[in-house]
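Engineer: Below is a structure I'd like to ask you about.
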Amino acid sequence: MAPRFLPYARHAVDQEDLAAVCAVLSSDWLTTGPVVDQFEEAVGNFVGAREAVALSSGTAALHSAMAALGIGLGDEVIVPPMTFAATANCVVFQGGTPVFADVDPETLLLDPGQVRQRITSRTKAVIAVDYAGQPCDYDALREICARHSLALVADACHALGATYKGRKVGTLADMTVFSFHPAKHITTGEGGMVVTGDPELARRIRLFRNHGIAADHKQRALSGTWYYEMTALGYNYRLSDLQCALGMSQLRKLPRWLARRREIAQKYASRLHNSARVRPLKKRPENEHAYHLYVIRLLRPDLGISREEVFKRLRQRGIGANVHYIPVHLHPFYRETFGTRRGLCPVAEKAYDQIISLPLFPAMTDDEVEYVLASLEAALGAWRAKER
Ligand SMILES: *Cc1c(COP(=O)(O)O)cnc(C)c1O
């Protein structure tokens, strides 16, 4: 009964998306035209942010956020280890030092108590990661950041559409970063965005994404001038009109897709919640989760079945289980450059040995969800019998 291979995440592109991209392909602007502005406004409206700046990737968006804060040599930025490497890399791009603060054992979200312990006179900012799609404890993080005059950046690449105490992700930090990589909630192929309530930060990011040149190609063409000045060092981090056309079309489907993600997560949760062998990550009641990932932990790998074995058995059944993530401080680059090592963040390190991400994407059918659950059960052996 094996269906198609089920990856942990998968984009969906339909005829509407194709038509939207093709329309831009035969227009005057392939890049930096009117659709970039439309997409920025649409995402800004969706998340309730005043300013939105489109960038060529989530990584470019994180880098731009660090640049806008003026992060430089010797500056420290506190980040969680349970994330994609880009969350820490963006600090290094600017010559700063990422300082790893451990996560909460039940949610794997940045632990505010650990953040407090990592603050030094060099700390300039905190990057919170809404791991798996669940918002961090922003009230606690904001309080810490306010007390120590630190900027708070949300890496919400997993959490487009999530809420915390009824407030939208996108309004909870000084800047919030989204990714439009095909594995994420909506895609532009590659792409990202920074949203903020601060027009000055938005201005700096716009400059940074366009070589440090204030007037872009479109503005110059429209005003009929050739003159421009480069006032700061920047990059080419622009997102194109082509990509934004895809993004606009995808965004229209986001509410439906979020609802389906929550429905699938509910199906997983209702079957796994009283298992003795695996436990889904805890969802906090104040959060509306965006479920980019559905992460379970093997409770007692010591009882005989290792994560590797479960992973292998799922793969054999055509299930693209995955592991998110190798704690960033354990990567060779960080060990060699910053001397980080095992023991620095024990909660994340322990979780790393136990976690598996199950397939979760809106186009999954109920039968496919059932197939994943049945396969997990088989992979874990007779765990149900043993519970009784
Ligand atoms: C995807 C992701 C990024 C990077 O986004 P890209 O668009 O792939 O550059 C950064 N942080 C987290 C937590 C992510 O999941």
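Positions 746 to 1133 (the working numbering) are the ones given, in order, by the sequence shown.
Glycine included, each C-beta is placed from N, C-alpha and C at the ideal position.
#1: Below 8 Å between beta carbons: does that hold for Ala-1093 and Pro-1107?
#2: Strictly by DSSP, which residues pair up with Asn-790?
#3: How about Thr-921: is its Cβ closer than 7 Å to a heavy atom in ligand 1?
#4: Please classify Gly-1136: does DSSP put it in a helix, a strand, or coil?
#5: Counting only the same chain and skipping the five closest in sequence on each side, list residues whose C-beta sits under 7 Å from that of Arg-861.
#6: Rounded to whole angstroms, how far is the Cβ of Thr-921 from the Cβ of Ala-899, which I believe are closer than 8 Å?
#7: Less than 8 Å between the CB atoms is what I'm expecting for Leu-1125 and Ile-1041, so what's the real figure, rounded?
#8: Are the stretch 952-966 and the stretch 785-792 touching, with three or more C-beta to C-beta distances below 8 Å?
#9: Return the chain-ordered list of same chain residues with a C-beta closer than 6 Å to the C-beta of Arg-795, the five sequence neighbours on each side being excluded.
#10: Can you find a heavy atom of ligand 1 that lies under 7 Å from the Cβ of Val-898?
#11: Would you list the one or two residues that DSSP bridges to Thr-908?
#12: Distance, Cα to Cα, Pro-752 vs Gly-906?
#13: Would you identify the three-state DSSP class for Glu-707, choosing helix, strand or coil?
#14: Examine the Cβ distances between the stretch 812-825 and the stretch 1000-1008 and report whether three or more of them are shorter than 8 Å.
#15: Could you name each continuous alpha helix (DSSP H) segment of 4 residues or more that falls completely within the stretch 795-834, going from the start of the chain to the end?
#16: Whose CA, out of His-1069, Val-871, Ala-765 and Ala-885, lies closest to the CA of Asp-986?
#17: Would you give the residue range spanned by the beta strand (DSSP E) that Val-1040 belongs to?
#18: For a test of your reading of the model: does the CB of Leu-917 fall under 7 Å from any non-hydrogen atom of ligand 1? Yes or no.
#19: Is it buried or exposed, Gln-760, if we count other Cβ atoms within 10 angstroms and call 16 or more buried?
#20: Say yes only if the C-beta of Thr-924 is nearer than 7 Å to one or more non-hydrogen atoms of ligand 1, and no if none qualify.
#21: Could you tell me whether the Cβ atoms of Tyr-876 and Leu-853 are closer together than 8 Å?
#22: Please report the Cβ distance between Ile-931 and Val-939, rounded to the nearest whole angstrom; I am assuming they are in contact, meaning their Cβ atoms lie under 8 Å.
#23: Let me check one thing: in DSSP terms, what residues is Asp-900 bridge-paired to?
#24: Please classify His-1074 as buried or exposed, where buried requires at least 16 neighbouring CB atoms within 10 angstroms.
#25: Check each candidate in Gly-911, Val-837, Lys-910 and Pro-857 and name the one with the smallest Cα separation from Arg-892.
#26: Does the separation of the CB atoms of Ala-813 and Leu-897 fall below 8 Å?
#27: By Cβ distance, which residues of its chain are closer than 7 Å to Gln-839, with the 5 residues on each side in sequence left out?
#28: Please tell me whether Leu-1089 and Phe-923 are closer than 8 Å, where the distance is taken between their beta carbons.
#29: Ile-1009 and Phe-1056 look like a contact to me (Cβ under 8 Å); what is the Cβ gap, rounded to whole Å?
#30: Report all residues from its chain with a CB closer than 6 Å to the CB of Gly-936; omit the five preceding and five following residues, and keep chain order.
#31: Where do the ends of the beta strand (DSSP E) carrying Arg-1024 lie?
#32: Buried or exposed: which applies to Gly-969, given that a residue is buried once 16 or more other Cβ atoms fall within 10 Å of its Cβ?
#33: Please report the Cβ distance between Val-769 and Val-780, rounded to the nearest whole angstrom; I am assuming they are in contact, meaning their Cβ atoms lie under 8 Å.
#34: Determine the direct distance from the alpha carbon of Arg-755 to that of Met-1109, and round the result to whole angstroms.
#35: Among Pro-1104, Ala-990, Gly-911 and Arg-1080, which residue has its Cα nearest to the Cα of Asp-762?
Structural biologist: Well, looking at it:
#1: Looking up residue 1093 in the sequence shown gives position 348. Looking up residue 1107 in the sequence shown gives position 362. Going by C-beta atoms, Ala-1093 is not nearer than 8 Å to Pro-1107.
#2: Here the question's residue 790 lines up with position 45 in the sequence shown. Residue pairing for Asn-790: DSSP places it in no beta bridge.
#3: Numbered from its first residue, the sequence shown carries residue 921 at position 176. Residue side-chain check: Thr-921 keeps its Cβ at 7 Å or more from all non-hydrogen atoms of ligand 1.
#4: The structure shown does not extend to residue 1136, since the chain spans only 746 to 1133, so no value can be given for it.
#5: On the sequence shown, position 116 is the one that residue 861 refers to. For Arg-861, where only same-chain residues beyond five positions count, the Cβ hits under 7 Å are Ile-889.
#6: Your numbering for residue 921 matches position 176 in the sequence shown. Your numbering for residue 899 matches position 154 in the sequence shown. The pair is a contact, with the Cβ atoms about 4 Å apart (cut-off 8 Å).
#7: The residue labelled residue 1125 in the question sits at position 380 within the sequence shown. The residue labelled residue 1041 in the question sits at position 296 within the sequence shown. About 10 Å separates the two Cβ atoms, so there is no contact after all.
#8: Flag = no, the stretch 952-966 and the stretch 785-792 do not touch.
#9: Locating residue 795 in the sequence shown gives position 50, where the first residue counts as 1. Counting only residues of its own chain and dropping the five nearest sequence neighbours on each side, Arg-795 has a CB closer than 6 Å to the CB of Gly-942.
#10: Residue 898 sits at position 153 when you count from the first residue of the sequence shown. Taking 7 Å as the cut-off, one finds no heavy atom of ligand 1 near enough to the beta carbon of Val-898.
#11: Within the sequence shown, numbered from 1, the residue matching residue 908 stands at position 163. Thr-908 is bridged to Lys-913 and Glu-1033.
#12: As a working mapping, residue 752 is identified with position 7 in the sequence shown. As a working mapping, residue 906 is identified with position 161 in the sequence shown. Distance between the alpha carbons of Pro-752 and Gly-906 is about 22 Å.
#13: Residue 707 cannot be examined here, being either before or after the span of the chain that is shown, 746 to 1133.
#14: Verdict: no, contact absent.
#15: Within the stretch 795-834, the complete alpha helix (DSSP H) runs of at least 4 residues are 803-813.
#16: Residue 986 sits at position 241 when you count from the first residue of the sequence shown. When only C-alpha atoms are compared, the closest one is Ala-765.
#17: As a first step, residue 1040 must be located in the sequence shown, where it is residue number 295. From DSSP, the beta strand (DSSP E) with Val-1040 extends over 1039-1043.
#18: As a working mapping, residue 917 is identified with position 172 in the sequence shown. In this structure, ligand 1 has no non-hydrogen atom nearer than 7 Å to the beta-carbon of Leu-917.
#19: Along the sequence shown, one-based indexing puts residue 760 at 15. Burial is judged here by how many other beta carbons sit within 10 angstroms of a residue's own beta carbon; Gln-760 has fewer than 16 and is exposed.
#20: Counting from one through the sequence shown, the residue named residue 924 turns up at place 179. The question names Thr, but residue 924 is Ser in the sequence shown. Checking every heavy atom of ligand 1 against the Cβ of Ser-924, one is found closer than 7 Å.
#21: Working through the sequence shown from its first residue, we reach residue 876 at position 131. Working through the sequence shown from its first residue, we reach residue 853 at position 108. It is a contact, given that the beta carbons lie within the stated cut-off.
#22: Position 186 of the sequence shown, counted from the start, is the residue given in the question as residue 931. Position 194 of the sequence shown, counted from the start, is the residue given in the question as residue 939. No, Ile-931 and Val-939 are not in contact; Cβ-Cβ is about 16 Å, not under 8 Å.
#23: Here the question's residue 900 lines up with position 155 in the sequence shown. Note: Asp-900 sits in a beta bridge opposite Val-874 and Val-922.
#24: Here residue 1074 corresponds to residue number 329 of the sequence shown, with the count starting at 1. Here His-1074 is buried: its Cβ has 16 or more other Cβ atoms, across all protein chains shown, within 10 Å.
#25: The residue given as residue 892 occupies position 147 in the sequence shown. Closest by alpha carbon: Pro-857.
#26: Residue mapping note: residue 813 aligns to position 68 of the sequence shown, counting from 1. Residue mapping note: residue 897 aligns to position 152 of the sequence shown, counting from 1. Going by beta carbons, Ala-813 and Leu-897 fall outside the 8 Å limit.
#27: For this step, residue 839 is matched to residue 94 along the sequence shown. Contacts found: Met-811, Ala-812, Ile-816 and Gly-817.
#28: Residue mapping note: residue 1089 aligns to position 344 of the sequence shown, counting from 1. Residue mapping note: residue 923 aligns to position 178 of the sequence shown, counting from 1. Contact: no.
#29: On the sequence shown, residue 1009 is found 264 positions in, with the first residue counted as 1. On the sequence shown, residue 1056 is found 311 positions in, with the first residue counted as 1. That pair is no contact at about 20 Å.
#30: As a position in the sequence shown, residue 936 is number 191, starting the count at 1. Result list for Gly-936: Phe-925, Leu-984 and Gln-988, in chain order.
#31: Taking the first residue of the sequence shown as 1, we reach residue 1024 at position 279. Judged by DSSP secondary structure, Arg-1024 falls within the beta strand (DSSP E) whose first and last residues are 1023-1025.
#32: As a first step, residue 969 is located in the sequence shown; it is residue number 224 there, counting from the start. When all chains shown are included, Gly-969 counts as exposed.
#33: Along the sequence shown, one-based indexing puts residue 769 at 24. Along the sequence shown, one-based indexing puts residue 780 at 35. That pair is a contact at about 6 Å.
#34: Position 364 of the sequence shown, counting from 1, holds the residue named residue 1109. Position 10 of the sequence shown, counting from 1, holds the residue named residue 755. Their backbone Cα atoms lie some 9 Å apart in a straight line.
#35: As a working mapping, residue 762 is identified with position 17 in the sequence shown. It is Ala-990 whose Cα lies nearest to the Cα of Asp-762.
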